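Trainee: Position one of the sequence shown corresponds to residue 258 (my numbering), numbered consecutively onward. Built from N, CA and C at the ideal position, the CB exists for glycine as well. Small disclaimer: the values here were computed from a predicted structure and weren't measured.
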Amino acid sequence: MSLVKAILITGANGQLGQCFQVLAKYYPQYHFLFTDKNALQIADENAVNVLFEKNKIDVCINCAAYTAVDKAETERELAIAINATAVGYLARACKKHSTQFIHISTDYVFDGTAIVPYKPTDITKPVNFYGQTKLDGELNAAKENAKSIIIRTAWVYSEFGNNFLKTMMRLMNERENIGVVNDQKGAPTYAADLADAIMQIIEKNNFVSGIYHYSNKGNISWYNFAKEIASQLKTLCIVNPITTSQFPTPAARPKFSVLDSQKIEKTFEIQIPEWKSSLTKCILKMV
Ligand SMILES: NC(=O)c1ccc[n+]([C@@H]2O[C@H](COP(=O)([O-])OP(=O)(O)OC[C@H]3O[C@@H](n4cnc5c(N)ncnc54)[C@H](OP(=O)(O)O)[C@@H]3O)[C@@H](O)[C@H]2O)c1
């Protein structure tokens, strides 16, 4: 039996998954098994079970998800299969094989009517279908495997995949003016910081199950975020504030999705960077 701890990363070609691929180089003491959609379809229960039978996995980090928030309003069955049902398959397999399950969820489980940052114990009430599927995924994880660690995050960006930062960089390059929503508040999260925090949890080998929140420090609107991106890029593009009603989307968005990350900080003694410095780190990797 190998003494090297094996870590399975599902959805390895997504934003968070790719950040783990970068981090893996700094953790030679672990064996990482990266699976993209082709190597492991998490919505295929048999495929999940076969993978766990064939490989001794110590920690499973579920980075796979259906993240097309607007499309989820119409592609409901697919969103349920990946974000809700499949999480149950993974959690059950983890329980059977004594694997620590770490699952990623979202601020969209909340309705956004709060005026102070959401704590993990606050009442959930998703305002869109994606949020509902992610909440159902959390419930399935907890039902199938009470030892699961569920980490809700928000406004994720990185140098990989599609995200707000990359959209802004493209638009700021193409246009002289852009309008960005100023009446939705949250805290951006650099996916590399979240991956780093999860590796610290694994390093400490202190798996305290439960629901946690993780986002970079701060409380801003998308408009503030875009303004800071423009400032750091030194672009001439003018960023104007607009309202949510001026930018209608198929899926409703919570107006306030600031997460209170104190529980994860205290439980695992993790220091969370402030959003602006993390944005600088990410932009420096891209320009
Ligand atoms: N992005 C955000 O702003 C945000 C905010 C809050 C929470 N989160 C949560 O954070 C986690 C990571 O998000 P992310 O931004 O890294 O997402 P992402 O970039 O969309 O990555 C998700 C990955 O999962 C893969 N995937 C989709 N269906 C799959 C399946 N059936 N089996 C295996 N893999 C599958 C996707 O592949 P394809 O792209 O090929 O479909 C993609 O590579 C997710 O749980 C998400 O819900 C994200």
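#1: Leaving out the 5 sequence neighbours to the left and right, which residues in its chain are closer than 6 Å to E302 when beta-carbon positions are compared?
#2: With DSSP as the reference, identify every bridge partner of E531, one or two as the case may be.
#3: Rounded to a whole number of angstroms, what is the C-alpha to C-alpha distance between S478 and T500?
#4: Quick one: Cα of Q272 to Cα of N319, how far?
#5: Does A432 pass the burial test, meaning 16 or more other C-beta atoms within 10 Å, or should it be called exposed?
#6: List the residues that DSSP assigns as beta-bridge partners of R510.
#7: Do you know whose CA, among T363, T356, G369, L308, lies nearest A341's CA?
#8: At a threshold of 7 Å, does N303 count as lining ligand 1 (C-beta to nearest heavy atom)?
#9: Just the Cα atoms here: how many angstroms apart are T390 and M543?
#10: Any idea if V465 is buried or exposed, counting beta-carbon neighbours within 10 angstroms, 16 or more meaning buried?
#11: Can you list, in chain order, the residues of its chain whose CB lies under 8 Å from that of A509, leaving out five sequence neighbours each side?
#12: Taking C-alpha atoms, which residue in T410, R409, G369, A449 lies nearest to K442?
Mentor: On the basis of the coordinates in this document:
#1: Y346
#2: K474
#3: 11 Å
#4: 12 Å
#5: The sequence given here places Arg at residue 432; Ala does not occur at that position. R432 should be labelled exposed.
#6: Note: R510 sits in no beta bridge, so no partner.
#7: T363
#8: no
#9: 32 Å
#10: exposed
#11: V384, N385
#12: G369
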